[in-house]
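Chains as they are written, first to last, in this note's numbering: chain A, 1 to 256; chain B, 257 to 462.
For each residue, glycine too, the CB sits at the ideal point set by N, CA and C.
Just below is one structure, and these are the notes that go with it.
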Amino acid sequence: MKFYSTALFLVFSLLFCEVVAQNDKMALVKGGVYIPLYGAADKTVKVETFLMDAYPVTNAEYLKFVEEYPQWKKSKIKSLFADNSYLTKWNNDESYSGLPNAPATNVSWFAAKKYCECQGKRLPTMDEWEFAAMANKNVPDARKIDTYNQYILNWYETPKTFNNPIGETFKNYWGIYDLHGLVWEWTLDFNSVLISGESRKDVDKDSNLFCGSAAIGASDLMNYAAFMRYAFRGSMKARYSSQNLGFRCAKDVENQ
Amino acid sequence: MKNFRHIAMIIALAAVFSCNNTSEKNTAAVEATKVKKAEGETIPEMSIYNLPSHWTTQNGEEIELKDLQGKVVVMVMIYTTCKAACPRLVADMRNIEKQIPDEKKDDVQYVFVSIDPETDTPERLKAFAKENEMEDEKWLFLRGTEGDTREFAAVLAVNYKQISPMDFSHSNIISVFEQNGEMAHQQEGLGVDNKETVQAIIDLAK
């Protein structure tokens with residue numbers, strides 16, 4: 001029995017490793033609480049410990065994915081899952097433009113989500129992403145530090161950073177690169193941002209559009225850098241894609 | 257302990273492989289409802305019936321979205337413990353239904369999708385249907401996994417967020433789908449003039 005179960009374990013481990021081999025650069029983010037910019041006003045949100053990819057998904061990695069799952073190729077993808085700008089800069093189904101280690105962008109939420117699922121992972125939640133992205137090089141929450149905010153604002157003013165290779169920005173406290181300075185990233189629940197009526201009706205906090213809208217308010221309106229991220233997410237739809245929007249995957253920590 | 261690890265591995269593996277073809281899982285209940293479906297038609301690219309999600313009805317039946325194919329579908333996302341907007345959304349749905357001429361009523365399916373699948377069990381949905389006197393077949397209440405619900409909301413452009421254990425913030429949108437699952441019309445807001453929505457349904461229904 002013991003032999004049998006060990007053998008079974010080995011077989012499955014091998015199979016499993018083969019599937020995830022190319023994607024093992026994940027960093028452990030120790031959970032905690034934080035007050036997000038949006039959500040229930042002045043309420044702390046608890047984030048469990050989780051694993052996050054150290055880098056965003058690259059062009060080369062994304063190509064591998066579409067080769068393996070052809071229904072996500074540029075010419076094959078259903079329009080329910082991606083708009084016309086999906087992989088718009090790719091020359092064809094099998095060749096991207098730009099650097100192999102530049103972040104994969106012009107990818108819809110559906111495609112990003114599927115990519116992660118096919119690696120045995122998932123997209124990070126917005127709270128996980130924001131929690132990990134509060135860190136600078138040295139501390140887990142650098143949001144009150146001038147240089148941290150200045151770095152992000154400088155990036156907003158720098159054109160076309162999406163063409164840069166991954167890993168050239170700073171390595172943060174958790175060992176994660178490129179949360180700021182390269183591209184914006186999809187989150188699993190990007191559609192939990194309730195800033196306005198899906199930007200179709202530009203009436204902030206219209207009580208007819210949102211149930212419970214009184215609970216929504218920026219807990220720190222000065223936090224312009226973060227506000228931009230939330231506003232961007234609030235303006236996106238799941239089939240949209242954009243050249244400055246990439247993604248990375250995350251994972252639960254098992255057996256804590 | 258060790259056995260547990262094996263099971264976890266197998267589950268992980270299943271998850272890895274299942275991303276390929278989740279739509280192929282079928283249950284007997286699904287087979288039964290398939291008869292109703294329009295035959296031989298391919299699903300257009302923009303159809304919600306391309307989503308491979310699985311749902312449970314207020315009667316505990318397992319269905320896929322595409323089992324709704326063939327009828328005009330009017331859909332809204334709610335949660336049953338909601339005190340503010342949802343009763344008004346339910347009223348809006350009822351109000352729309354009333355305005356559909358008798359000869360077309362059979363071609364329209366009204367669907368409420370729960371954004372709180374944890375609380376909204378089939379039993380709870382059933383009770384909600386009863387409370388609201390929506391026990392007729394034309395009212396369908398669905399509950400899915402958290403992931404499928406999030407994905408479905410993304411398709412409908414419905415944004416929602418849990419703001420406390422009992423309360424969600426969500427956008428109030430009623431969507432109308434053609435028989436093939438393509439979105440035909442959306443009405444946004446509460447208690448708004450539903451003339452256009454009603455007209456869209458009448459135009460589509462046979």
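Report yes if the C-beta of residue i is less than 8 Å from at least one heavy atom of the ligand MG; otherwise report no.
| i | result |
| --- | --- |
| Cys338/B | Of the ligands one can find in the structure shown there are none, so the ligand MG has no counterpart to examine. |
Could you give the DSSP three-state label for residue i: helix, strand or coil?
| i | result |
| --- | --- |
| Arg122/A | strand |
| Ser242/A | coil |
| Glu68/A | helix |
| Trp330/A | Any question about residue 330/A goes unanswered here, given that chain A covers just 1 to 256. |
| Thr161/A | helix |
| Leu51/A | strand |
| Met333/B | strand |
| Thr45/A | In the sequence as displayed, the identity of residue 45/A is Val instead of Thr. Val45/A falls in the strand class under three-state DSSP. |
| Trp311/B | strand |
| Leu460/B | helix |
| Ile356/B | coil |
| Asp252/A | strand |
| Ala135/A | coil |
| Glu301/B | coil |
| Val346/B | helix |
| Ala341/B | helix |
| Gly197/A | Reliability fails at Gly197/A, whose pLDDT of 38 lies under 50, so the model's placement of it is uncertain and no value is given. |
| Gly234/A | helix |
| Leu179/A | coil |
| Ala27/A | strand |
| Gln365/B | strand |
| Ile319/B | strand |
| Glu260/A | The structure shown does not extend to residue 260/A, since chain A is modelled only from 1 to 256, so the question has no answer here. |
| Trp184/A | strand |
| Phe247/A | coil |
What does residue i reach in chain B if we use C-beta pairs closer than 7 Å?
| i | result |
| --- | --- |
| Ser192/A | Asn415, Tyr416, Lys417 |
| Ala238/A | Ala410, Val411 |
| Trp109/A | Ala410 |
| Asp189/A | Arg406 |
Please list, in chain order, the chain B residues whose beta carbon lies closer than 8 Å to that of residue i.
| i | result |
| --- | --- |
| Ser79/A | Glu301, Met302 |
Give the residues of chain A in contact with residue i, contact being defined as C-beta atoms less than 9 Å apart.
| i | result |
| --- | --- |
| Asn306/B | Lys78, Leu80, Phe81 |
If I'm right that residue i touches residue j with Cβ under 8 Å, what's the distance once you round it to whole angstroms?
| i | j | result |
| --- | --- | --- |
| Glu185/A | Trp129/A | 7 Å |
| Glu396/B | Val364/B | Reading the sequence as shown, one finds Leu at residue 396/B and not Glu. At roughly 11 Å, the Cβ-Cβ gap does not stay under 8 Å, so Leu396/B and Val364/B are not in contact. |
| Val193/A | Phe50/A | So it is not a contact: roughly 20 Å between Cβ atoms. |
| Ala410/B | Trp90/A | About 24 Å; that fails the 8 Å criterion. |
| Ala413/B | Gln314/B | That pair is no contact at about 25 Å. |
| Pro378/B | Arg406/B | About 20 Å; that fails the 8 Å criterion. |
| Asn415/B | Asn163/A | That pair is no contact at about 31 Å. |
| Ser187/A | Met134/A | Per the sequence presented here, residue 187/A reads as Thr, with Ser not at that position. Between Met134/A and Thr187/A the Cβ distance is about 15 Å, and since that is not below 8 Å, they are no contact. |
| Ile429/B | Gln443/B | 7 Å |
| Leu99/A | Pro165/A | 5 Å |
| Phe227/A | Pro56/A | Actually they are not in contact, since the Cβ atoms of Phe227/A and Pro56/A sit about 22 Å apart, beyond 8 Å. |
| Met331/B | Ser431/B | 5 Å |
| Ala102/A | Val29/A | Ala102/A to Val29/A, Cβ: 24 Å. No contact. |
| Tyr69/A | Cys116/A | Tyr69/A to Cys116/A, Cβ: 12 Å. No contact. |
| Ala225/A | Leu153/A | 6 Å |
- Task: Return the chain-ordered ranges of every alpha helix (DSSP H) run that is complete within the stretch 369-454 of chain B and spans a minimum of 4 residues.
- Result: 378-387, 402-412
- Could you run through the stretch 331-360 of chain B and flag, in chain order, every residue whose CB is less than 8 Å away from some CB of chain A? Cys338, Ala340, Ala341, Cys342
- What are the residues of the stretch 368-400 of chain B that lie near chain A, defined by any Cβ-Cβ distance shorter than 9 Å? none
- Item | Start-end ranges of the alpha helix (DSSP H) lying completely within the stretch 81-133 of chain A, minimum 4 residues | 109-118, 126-132
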